[in-house]
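All remarks here apply to the structure that follows.
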Amino acid sequence: MVELFVNLGQIHSLKSKGILTTIGLGSCVGVTLYDSVVKVGVMGHIFLPKRRGSDNSAAAAPGKYADTGIPAMVKEALNLGAQKSRLQAKVAGGANLFPNLHLDAISIGEQNIIAITKHLDNYKIPILGRDILGNHGRKMRLTVENGIVTVTAIGKEPIQI
Amino acid sequence: MYYNTKLDFLKELGNIGTGHATTALSQMLKGELLRIEVPNVQLLSFNEAVAFVGGLEQVVVGIFVVVSGDVKGHMAFILPLGSAKTLVELLTNESCQELDEMALSALQELGNIMITSYLNALAKLSNATLLPSVPGIAVDMAGAIWQSVLAGAEVVNMATLIRTEFFTMEKAIQGDIIFLPDEEDFQKLAHSLGLEEI
Numbered sequence: 001m002v003e004l005f006v007n008l009g010q011i012h013s014l015k016s017k018g019i020l021t022t023i024g025l026g027s028c029v030g031v032t033l034y035d036s037v038v039k040v041g042v043m044g045h046i047f048l049p050k051r052r053g054s055d056n057s058a059a060a061a062p063g064k065y066a067d068t069g070i071p072a073m074v075k076e077a078l079n080l081g082a083q084k085s086r087l088q089a090k091v092a093g094g095a096n097l098f099p100n101l102h103l104d105a106i107s108i109g110e111q112n113i114i115a116i117t118k119h120l121d122n123y124k125i126p127i128l129g130r131d132i133l134g135n136h137g138r139k140m141r142l143t144v145e146n147g148i149v150t151v152t153a154i155g156k157e158p159i160q161i
Numbered sequence: 162m163y164y165n166t167k168l169d170f171l172k173e174l175g176n177i178g179t180g181h182a183t184t185a186l187s188q189m190l191k192g193e194l195l196r197i198e199v200p201n202v203q204l205l206s207f208n209e210a211v212a213f214v215g216g217l218e219q220v221v222v223g224i225f226v227v228v229s230g231d232v233k234g235h236m237a238f239i240l241p242l243g244s245a246k247t248l249v250e251l252l253t254n255e256s257c258q259e260l261d262e263m264a265l266s267a268l269q270e271l272g273n274i275m276i277t278s279y280l281n282a283l284a285k286l287s288n289a290t291l292l293p294s295v296p297g298i299a300v301d302m303a304g305a306i307w308q309s310v311l312a313g314a315e316v317v318n319m320a321t322l323i324r325t326e327f328f329t330m331e332k333a334i335q336g337d338i339i340f341l342p343d344e345e346d347f348q349k350l351a352h353s354l355g356l357e358e359i
């Protein structure tokens, strides 16, 4: 079985079978889009909510940011034959690993979640599963054959979202 | 030449900073000797920076500090779980099976002292102020900790990383001290040390 690893800032997709995995979600957010009819799965590992003006590489790696990443993920799903009206999203991550620092009123993780929710909403894509926020890291896996998404954290039982 | 000068300068900073940090550690460990590797200074692309900490799923202890003042930046002190437990045992003279509140608090304080020593050395050298925040501590997957550090530092293009590894001679302890200076302030620091264009 193919298992594709989605590194920070990347977007990968599979059709019919295989597993999409992303490791080391802290304040980052793993997002999956899935069309159960054609069995198309797309996974992104989003780093920050909004593209920085100083980053001119976003065109090459749109998956770094929520505002460029979600449109790029939708496009990739449609290219593989998915239909927008059938796409369903699941979201994991957005934690704050160093909560005592209180650097921002809203942590980067939460800002990521807010931005991703907004951009998915623009496409009217429902979020069917969530394991978000909190203070711990996560690993996310999407089994493309059946659309099942599991989330693993250190010292916890894997959960299905 | 430009490149070499900058890297040499950074290596020297790493050396001095880590020298002070590990001396502080050695004193807390009642004189246990520490060996410091030559600092590894790298200018990394975003993709390289992401892959910089190996073993993304390995459980590590990460202590994270935001640096403010004349030279802003971020510092992280990362220890494998086993090394963290050994350190706690040396500090408390008690066996450490799990990292409980007390153990985490001890490690946080230890990280704080090391990071402060590192920054003080740089501050003395440059006459600049470098002020550490209260340290944050997390025990988690290395990937999640490192990713959160990069996001906190807003590394999106390139990152200058000064990483120093150290080992204890007797006990199996290893760790990494990583300094991510903000680019602009870093140029100021170089200037104050008499380096012209780096």
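Chains A and B, in that order, give the protein sequences. Note that my numbering numbers the first sequence so that position 42 is 42, with each residue one more than the last. In my numbering, each residue carries its 1-based index in the second sequence increased by 161. Glycine included, C-beta positions come from ideal geometry on N, C-alpha and C. Note that the structure is predicted; figures quoted are calculated from it, not measured.
Looking at the structure shown, is Asp131 of chain A part of a helix, part of a strand, or coil, going by DSSP?
Along the first sequence, one-based indexing puts residue 131 of chain A at 131. DSSP places Asp131 of chain A in strand when its eight states are reduced to three.
Does the Cβ-Cβ distance between Leu20 of chain A and Leu142 of chain A come in under 7 angstroms?
Looking up residue 20 of chain A in the first sequence gives position 20. Looking up residue 142 of chain A in the first sequence gives position 142. The answer is yes: Cβ separation under 7 angstroms.
Residues that Asp375 of chain B contacts on chain A, provided the C-beta gap is smaller than 9 angstroms:
The requested residue 375 of chain B does not occur in the structure, where chain B is confined to residues 162 to 359.
Check Pro126 of chain A in the structure and name its three-state DSSP category.
Mapped onto the first sequence, residue 126 of chain A falls at position 126. Coil, per DSSP.
Measuring only between beta-carbons, confirm whether Leu292 of chain B sits less than 7 angstroms from chain A.
Position 131 of the second sequence, counting from 1, holds the residue named residue 292 of chain B. No, Leu292 of chain B does not count as interfacial toward chain A.
Could you give the distance in angstroms between the alpha-carbon of Glu345 of chain B and the alpha-carbon of Gly178 of chain B?
Here residue 345 of chain B refers to the residue found at position 184 when the second sequence is read from its first residue. Here residue 178 of chain B refers to the residue found at position 17 when the second sequence is read from its first residue. The alpha-carbon atoms of Glu345 of chain B and Gly178 of chain B are separated by roughly 20 angstroms.
Reduced DSSP category for Pro342 of chain B - H, G, I as helix; E, B as strand; rest coil
For this step, residue 342 of chain B is matched to residue 181 along the second sequence. Strand at Pro342 of chain B.
Should Val308 of chain B be labelled buried (16 or more other beta-carbon atoms within 10 Å of its own) or exposed?
Position 147 of the second sequence holds residue 308 of chain B. The amino acid occupying residue 308 of chain B in the given sequence is Gln; Val does not appear at that position. Buried: at least 16 other Cβ atoms inside 10 Å.
How many angstroms separate the CA atom of Leu292 of chain B from the CA atom of Thr183 of chain B?
On the second sequence, residue 292 of chain B is found 131 positions in, with the first residue counted as 1. On the second sequence, residue 183 of chain B is found 22 positions in, with the first residue counted as 1. Whole-angstrom Cα-Cα distance: 19 angstroms.
Within its chain, find whatever has a CB closer than 8 angstroms to the CB of Leu268 of chain B; leave out the 5 residues flanking it on each side and keep chain order.
Walking along the second sequence from the start, residue 268 of chain B turns up at place 107. Within the same chain, Leu268 of chain B has close Cβ partners Val222, Ile224, Leu240, Ala245, Leu248, Val249, Leu260 and Ile298.
Nearest CA to the CA of Met302 of chain B: which residue from B:Val220, B:Glu173 and B:Leu171?
Residue numbering aside, residue 302 of chain B sits at position 141 when the second sequence is read from its first letter. With distances taken between Cα atoms, Met302 of chain B lies closest to B:Val220.
Considering only the beta carbon of each residue, do Ile338 of chain B and Phe238 of chain B sit closer than 7 angstroms?
Taking the second sequence and counting its residues from 1, one reaches residue 338 of chain B at position 177. Taking the second sequence and counting its residues from 1, one reaches residue 238 of chain B at position 77. For Ile338 of chain B and Phe238 of chain B, yes; Cβs fall inside 7 angstroms.
Partners in chain B for Asp55 of chain A, counting only beta-carbon separations shorter than 7 angstroms
Residue 55 of chain A sits at position 55 when you count from the first residue of the first sequence. In chain order: Val317 and Asn318.
Candidates A:Gly9, A:Gly81, A:Ile23 and A:Gln10, of which the one nearest Ala305 of chain B by Cα:
Along the second sequence, one-based indexing puts residue 305 of chain B at 144. Ranking the options by Cα distance to Ala305 of chain B, first place goes to A:Ile23.
Would you list, in sequence order, the uninterrupted alpha helix (DSSP H) runs of no fewer than 4 residues that lie entirely inside the segment 220-277 of chain B?
242-253
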